[in-house]
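Encoded as structure tokens, the structure appears first; notes follow it.
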Amino acid sequence: MNNMKEKNKFQHRHCFSISAYMESPYLESCIKSLLAQTVKTQIIMCTSTPNQHICSLAEKYNIKLYVRNGESDIRSNWNYAYDMADSEYVTVVHQDDIYGKRYAEGFLQCLSKYEGTRMGKNMPVSMFFSDYLPIKNGKIGHKDINCRLRRLLKLPLKNMRLAGSRVVKKGVLSLGNSILCPSVAYNKKVLGDSIFTSDLKFNIDWDTFLKLSAIKGVFLYCDYPLVGYRIHENAISKEYIDTSKRYNEDLLMFKKFWNEKIARFIMRFYVKAYDTYSR
1190 MNNMKEKNKF QHRHCFSISA YMESPYLESC IKSLLAQTVK TQIIMCTSTP
1240 NQHICSLAEK YNIKLYVRNG ESDIRSNWNY AYDMADSEYV TVVHQDDIYG
1290 KRYAEGFLQC LSKYEGTRMG KNMPVSMFFS DYLPIKNGKI GHKDINCRLR
1340 RLLKLPLKNM RLAGSRVVKK GVLSLGNSIL CPSVAYNKKV LGDSIFTSDL
1390 KFNIDWDTFL KLSAIKGVFL YCDYPLVGYR IHENAISKEY IDTSKRYNED
1440 LLMFKKFWNE KIARFIMRFY VKAYDTYSR
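Residue numbers (my numbering): 1190 to 1468.
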């Protein structure tokens, strides 16, 4: 297939759906990173907190804005951003983060390679995701302990045959949340509508990935960092660490894989990852 035709076709298969909330100072940088993609795909923005900041940026960059009525919470906001995308794949964009200019291109290359295999003709991709680099104090840094742990846990997924196994998909999640939520592109045809059903507040993504691991489909993994994950004082992660809510939800998640004793043993080491927000 002609490379240009393949790229043009991909424009209609993927959408970046920005979940915008309140007045984030990082929203414009995020939008610019999506517009700078080497392979252009659809971009929309969704919010439950419409304001001048969000509306003016949507108008400035000619991005269609969808407004959800009702109480604002992470689960409802993510589901709305997911559902509003009229495409096969959707990346629910977190407004604080930055996407490398080759995110869409990297996704396209991985997807095309997989779909060209025998396995790719029989088993769909349920999710695509990549590695990432942390952004701290406005600078993209080297891989921190979270990056390294997540990369290690995801190693089995580099084998496409293993990446379709329910046991393996669940296994890569059993020692921690190994998948960076902002890097994920979900296959709506496979997963259906409103996939975020967890009652958890912080680990809604980890709990969702566990649910999706049971669905027939490949977890397509790119081990190259295609996303810049911003670490800052106002991040929800830091808030949940400071109030111990993250510890409680992390322990609850480990209990979904292990018994009480093993879960608490794992937590002794897993809490070291919290240091990312204290340095």
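For each residue, glycine too, the CB sits at the ideal point set by N, CA and C. The model shown is predicted, which means the values in this text are computed figures rather than measured ones.
Among the options, nearest to residue i - alpha-carbon criterion
i: Asp1388; options: His1203, Asp1262, Leu1223; result: Asp1262
i: Cys1219; options: Leu1351, Cys1244, Ser1208; result: Ser1208
i: Tyr1413; options: Ile1233, Arg1340, Ser1315; result: Arg1340
i: Pro1323; options: Lys1358, Leu1346, Ser1363, Pro1371; result: Pro1371
i: Cys1299; options: Asn1437, Val1282, Phe1199; result: Phe1199
i: Lys1229; options: Lys1196, Ser1206, Glu1449, Glu1248; result: Lys1196
i: Val1173; options: Ala1403, Tyr1418, Asn1326, Val1282; result: Because residue 1173 is not part of the residues shown, which for the chain are 1190 to 1468, the question remains open.
Contact set for residue i: own chain, Cβ-Cβ below 6 Å, skip 5 residues either direction
i: Leu1415; result: Gly1289, Tyr1292, Gly1295, Ser1319
Length of the line joining the Cα atoms of residue i and residue j
i: Lys1461; j: Lys1434; result: 16 Å
i: Cys1235; j: Thr1397; result: 20 Å
i: Ser1237; j: Leu1297; result: 31 Å
i: His1203; j: Ile1287; result: 17 Å
i: Glu1438; j: Ser1367; result: 15 Å
i: Arg1457; j: Met1312; result: 38 Å
i: Leu1441; j: Phe1391; result: 11 Å
i: His1331; j: Gln1231; result: 30 Å
i: Ala1225; j: Tyr1250; result: 12 Å
i: Arg1355; j: Lys1405; result: 8 Å
Status (buried if at least 16 other CB within 10 Å, exposed otherwise) for residue i
i: Met1190; result: Per-residue confidence for Met1190 stands at a pLDDT of 47, beneath the threshold of 50, marking its modelled position as unreliable; the derived number appears in the next sentence. Exposed: under 16 other Cβ atoms inside 10 Å.
i: Ala1374; result: buried
i: Thr1386; result: exposed
i: Phe1205; result: buried
i: Asp1382; result: exposed
Contact set for residue i: own chain, Cβ-Cβ below 8 Å, skip 5 residues either direction
i: Lys1377; result: Tyr1271, Ala1274, Ser1276, Glu1277, Tyr1278, Val1279
i: Ala1352; result: Pro1345, Leu1346, Lys1358, Val1407, Phe1408, Leu1409, Tyr1410
According to DSSP, residues forming a beta bridge with residue i
i: Gln1231; result: Cys1204
i: Arg1419; result: Ile1324
i: Tyr1255; result: Cys1235
i: Leu1380; result: Paired residues: none, contrary to the question.
i: Val1281; result: Ser1206
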